[in-house]
Structure formats: C-alpha cells, structure tokens
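The next block holds one structure in the form of structure tokens; read it before the comments.
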Amino acid sequence: TQLYRLLTVLINSEGIYLEPSALAGLAGGSKLFKDAAGLKYIEEHQLTEKMNNAVHISWATGGSMVPKEIIDGYYDKGRRFIIDNV
8 TQLYRLLTVL
18 INSEGIYLEP
28 SALAGLAGGS
38 KLFKDAAGLK
48 YIEEHQLTEK
58 MNNAVHISWA
68 TGGSMVPKEI
78 IDGYYDKGRR
88 FIIDNV
C-alpha cells in the first residue's frame with residue numbers, strides 16, 4: 008500500500024510516473040523520522056542538527072514502458088489508499 012500511495016503523491020506533486028516497485032527507495036527517507044531505529048541512527052551519528060539541511064536522494068527506475076492504462080490503475084489504487092487513511 009505504501010508504494011501505491013507514494014506513486015500517487017509523486018504523480019500529483021511532480022508529474023513523474025513510475026511503477027510501484029521503483030518507489031521502494033523513497034520510503035527510506037521518511038522512515039528516518041518515523042521509526043525508532045531511524046531516530047536512533049540520527050541521534051547516534053550526531054545528525055539531529057543537520058537534518059534541517061539534509062537532502063535525501065532516491066534513484067528510481069521503471070515506468071516508462073508500462074502502458075498508460077496500467078499506470079492509471081496504479082494511480083487509482085494509491086488514491087484509494089490515501090482516501091481510506093484520511
């Protein structure tokens with residue numbers, strides 16, 4: 008579900024179309040701030056003060072050869088997951 012939500016948000020905010028599996032790397036940046044292990048990592052490596060200026064880069068490939076109707080289905084699935092969680 009998280010990958011479909013990320014796909015929908017990426018299309019809405021950036022107009023970038025990827026397949027769900029290509030978005031696996033995007034989840035990592037948010038986990039730094041939401042998971043206890045991520046917060047512990049930031050603290051143990053004295054990164055807390057630097058997080059305001061941090062840039063998280065994710066390499067994403069896949070989607071350019073996926074037919075539009077399939078991408079549209081992925082988008083709708085992600086939209087439904089977002090609506091269900093509001």
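Last residue of the sequence shown: number 93 in the working numbering, and the count goes up by one each step with no gaps. Beta carbons: idealized from backbone N, C-alpha and C, even for Gly.
- Each residue's CA atom was taken as its position, placing S65 and G45 some 17 Å apart.
- Scanning its chain for C-beta atoms nearer than 7 Å, with the 5 sequence neighbours on each side dropped, one finds around L14 the residues L25, P27, L30, Y81, Y82, G85, in chain order.
- In the DSSP assignment, E56 falls outside any alpha helix (DSSP H), carrying neither H nor E.
- Of Y11, D79, E51, the smallest CA-CA separation from L33 is found for Y11.
- Boundaries of the alpha helix (DSSP H) around A43: 43-51.
- Proximity to I23 across I77, R87, I90, S71 peaks at S71, based on C-alpha coordinates.
- For Y82, the uninterrupted alpha helix (DSSP H) segment begins and ends at 75-91.
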